[in-house]
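**Student:** This is the structure, below, for whatever I ask next.
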Amino acid sequence: MTKEKKNKPSKELPLGFVDRQEKELLIRDFIISNIKEIMVKYGFQYLETPSFEYTDSIGKFLPDKDRPDQGVFSFQDEKKWLSLRYDLTAPLARYVAKNYLEIPKPFKRYQLGTVWRNEKPGPGRFREFLQFDADFVGTKSLQADVELCVMISEILDKCGLSKSDYIIKISSRKITEELFKKINIVDESQKLAALRALDKIDRLGWDGVKQLLGKGRKDKSGDFTKGANLSSENIEIIEKELKNKSPETEDLKEMLKILDDYKFKNFEINPTVIRGLEYYTGPIFEVNLKFDVKNDKGKVIQFGSIGGGGRYDNLVNNFGNYEAPATGISIGLDRLVYALMQKKEFKVKESKPLVICIFDKSAMKEYINLQTLLRAADISVEIYPGEGKLKKQMEYANKIKSPAVILYGENEIKSGKPTLRDLKSGTEKSIEIKELINEIKKII
RNA sequence: GCAGCAGUAGCUCAGUUGGUUAGAGCACUAGUUUGUGGAACUAGGGGUCGGUGGUUCGAAUCCACCCUGCUGUACCA
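Going by our numbering, the first sequence opens with residue 244, and the numbers climb by one from there.
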């Protein structure tokens with residue numbers, strides 16, 4: 244044994260990538276089945292697009308400079324750059340542009356898919372995650388926007404959240420647009436800096452945001468962030484205007500009316516919702532949880548929103564001549580799972596197999612017959628999938644949280660009465676094979 | 001990316017004025033029980049002390065750089 248160790252493959256995972264355990268996956272499956280059910284009810288088409296797209300068709304991050312992988316994972320294939328998709332909206336725009344003549348107008352589709360982002364991971368936030376998107380393409384009607392909010396709410400309810408667990412914050416790009424016009428901010432980079440500052444209201448509060456609107460802000464670690472350099476008069480105006488929760492913009496007034504028609508109440512108008520994205524053109528919405536989310540160490544963390552969306556009337560047009568105003572919403576499923584796992588009330592059934600213990604390999608035929616019989620009755624069961632003493636088999640059954648083991652040794656085979664041992668209570672009974680199924684159903 | 005803190009067994013951690021073969025609990029393996037798990041007892045396996053280089057007679061311990069993690073912050077189509 245020389246120093247081969249150095250050449251052993253690494254057990255580490257790439258930054259921001261994780262293994263996902265069964266419990267998490269079951270909750271995720273549960274959410275997904277709820278989503279599908281509701282999507283059918285709301286009349287959305289199911290669509291899947293590939294993980295990779297040509298980089299130039301899904302975003303502005305053209306990898307023609309020094310850092311082709313800034314934000315996205317990319318590689319070059321025969322002169323053309325490919326990227327793993329970073330969301331499902333950009334591929335949708337590409338899909339619509341490509342299939343415009345065939346698809347119904349308006350086009351309603353939903354999609355579930357993994358997306359990848361080459362950026363710093365945070366709590367419940369990874370570089371590979373599952374996203375759900377539902378979009379209306381080809382309609383300017385704000386009823387679509389409202390319906391998205393109602394629909395997302397129905398999904399969350401179905402997943403076990405109550406109305407007091409979350410709220411949908413609604414705003415509009417038009418608010419800040421008009422505000423900037425009013426106080427005469429024309430510089431685009433200054434506008435962007437101001438929007439970014441306002442987007443941080445949840446974390447930093449008005450004090451922090453005002454610092455960022457002005458000269459800048461020093462964070463807890465002592466790091467300094469440059470501000471938007473607005474005058475203090477303008478900052479005062481912005482604060483005053485955005486704290487006003489009765490909207491002046493036409494689109495929000497109309498949305499309010501439609502929301503009322505739907506009798507939907509679990510929302511608030513919140514002009515400080517910005518959602519970073521530059522492509523939004525009208526109403527924007529964000530789904531925020533109202534309960535605390537904790538990290539592994541039990542510390543409450545800044546979790547942010549679990550989803551959001553808005554109207555983007557120009558995205559599809561970028562591909563050509565088609566007019567396709569659109570609105571959509573997305574949920575980060577893994578973030579929702581992470582949050583839901585912390586709600587105690589939230590439990591998924593984990594149905595584990597019974598274990599038929601092996602006493603004598605030469606009697607394997609008997610074990611297989613028994614297993615077949617039970618499986619035919621839709622009982623989850625397995626013959627101990629290894630070798631070893633009974634004790635080892637019991638430990639295995641215990642470890643996998645099997646509800647019971649079946650002891651079927653020489654004596655039992657002779658008498659035709661297997662022993663059923665309930666692993667929870669520790670009691671065991673000798674049972675006729677024909678009674679076995681009923682007895683097992685009592686336990687599981 | 002920037003800043004602060006951290007990295008010792010699978011997990012949680014102890015171990016520094018630098019000093020023989022680096023520890024504990026839990027977990028794991030075997031046995032006490034040749035057909036009985038979750039308890040107890042006994043024994044055992046498992047660490048290049050995050051990595052590389054340096055200082056030193058001697059480094060888990062001191063220094064430099066790097067990697068990784070956490071937290072904050074930036075960016076987030």
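Ideal placement from N, C-alpha and C gives every residue a C-beta, glycine not left out.
(1) Only counting the same chain, and skipping five residues up and downstream in sequence, which positions put a Cβ closer than 7 Å to that of ILE410?
(2) To the nearest angstrom, report how far apart GLU482 and SER548 are at their CA atoms.
(3) Check the DSSP bridge columns for ILE631 and list the partner residues they point to.
(4) Which runs of the beta strand (DSSP E) fall wholly inside the segment 449–509 and span at least 3 residues, in chain order?
(5) Look at the alpha carbon of LYS424 and the alpha carbon of SER432, and state the distance between them as a whole number of angstroms.
(6) Could you check what DSSP says for ASN427 in three-state terms: helix, strand or coil?
(7) Would you call PRO661 buried or exposed, if buried means 16 or more other Cβ atoms sit within 10 Å of its Cβ?
(8) Do TYR338 and THR292 count as a contact pair if the criterion is CB distance below 8 Å?
(9) What does DSSP give as the partner residues of ASN361 in its beta bridges?
(10) Compare the C-alpha of VAL393 against each of ILE281, LEU422, PHE372 and name the closest.
(11) Taking only the alpha-carbon atoms, compute the straight-line gap between TYR565 and TYR343 and give it to the nearest angstrom.
(12) Please state whether DSSP places THR662 in a helix, a strand or coil.
(13) Span of the alpha helix (DSSP H) holding SER623?
(14) Inspect the CB distances between the segment 486–504 and the segment 372–382 and report whether three or more fall short of 8 Å.
(15) Assign GLN636 to one of two classes, buried (16 or more other C-beta atoms within 10 Å of its C-beta) or exposed (fewer than that).
(16) Quick check on the burial criterion: 16 or more other C-beta atoms within 10 angstroms. Buried or exposed for SER673?
(17) Per the contact definition of three or more C-beta pairs closer than 8 Å, is the segment 265–285 in contact with the segment 314–321?
(18) When you compare the segment 590–610 with the segment 550–561, are there three or more beta-carbon pairs, one atom per stretch, that lie closer than 8 Å?
(19) In this structure, how does DSSP classify VAL648 when only helix, strand and coil are distinguished?
(20) Which value, in whole angstroms, describes the spacing of the CA atoms of PRO514 and SER415?
(21) Since ILE676 and GLY659 should fall inside the 8 Å C-beta cutoff, what is the C-beta to C-beta distance between them, to a whole number of angstroms?
(22) Quick one: give me the first and last residue of the alpha helix (DSSP H) that VAL339 is part of.
(23) Using the Cβ count rule (16 or more neighbours within 10 Å means buried), how would you classify ASP577?
(24) Following the continuous beta strand (DSSP E) through PHE602, name the residue where it begins and the one where it ends.
(25) My output table needs one value for ASP307: the three-state DSSP class, helix, strand or coil.
(26) Within 10 angstroms of the Cβ of LYS632, are there 16 or more other Cβ atoms? Answer buried if so, exposed if not.
(27) If you count every other CB in all the chains shown that lies within 10 Å of the CB of ALA619, and 16 or more means buried, which is it?
(28) Measure the alpha-carbon distance for LEU256 versus LEU325 and round it to whole angstroms.
(29) What does a CB cutoff of less than 6 Å around LEU330 pick up in its chain, not counting 5 residues either side in sequence?
(30) Taking the straight line between their C-alpha atoms, what separation do you get for PRO306 and PHE372?
(31) Have a look at ASP621 and ILE601 and give me their C-alpha separation to the nearest angstrom.
(32) Just verifying my parser: in three-state terms, what is the DSSP assignment at ASP400?
**Tutor:** In short, the structure shows the following:
(1) ASN509, PHE510, GLU511, ASN531, LYS533
(2) 22 Å
(3) Reading the sequence as shown, one finds Gly at residue 631 and not Ile. Beta-bridge pairing links GLY631 to no other residue.
(4) 459–461, 467–469
(5) 15 Å
(6) coil
(7) buried
(8) yes
(9) GLY314
(10) ILE281
(11) 8 Å
(12) strand
(13) No alpha helix (DSSP H) holds SER623; DSSP gives it neither H nor E.
(14) no
(15) buried
(16) exposed
(17) no
(18) no
(19) strand
(20) 7 Å
(21) 6 Å
(22) 332–341
(23) buried
(24) Neither: PHE602 is in no beta strand (DSSP E) and is coded neither H nor E.
(25) Note that ASP307 scores a pLDDT of 42, beneath 50, so its modelled location is shaky and nothing firm can be said.
(26) exposed
(27) exposed
(28) 23 Å
(29) Strictly speaking, residue 330 in this sequence is Asp, with Leu absent from that position. Result list for ASP330: VAL358, in chain order.
(30) Residue confidence is low: PRO306 scores 40 on pLDDT, short of 50, so the model does not pin down where it sits. No coordinate-derived value is stated.
(31) 21 Å
(32) helix
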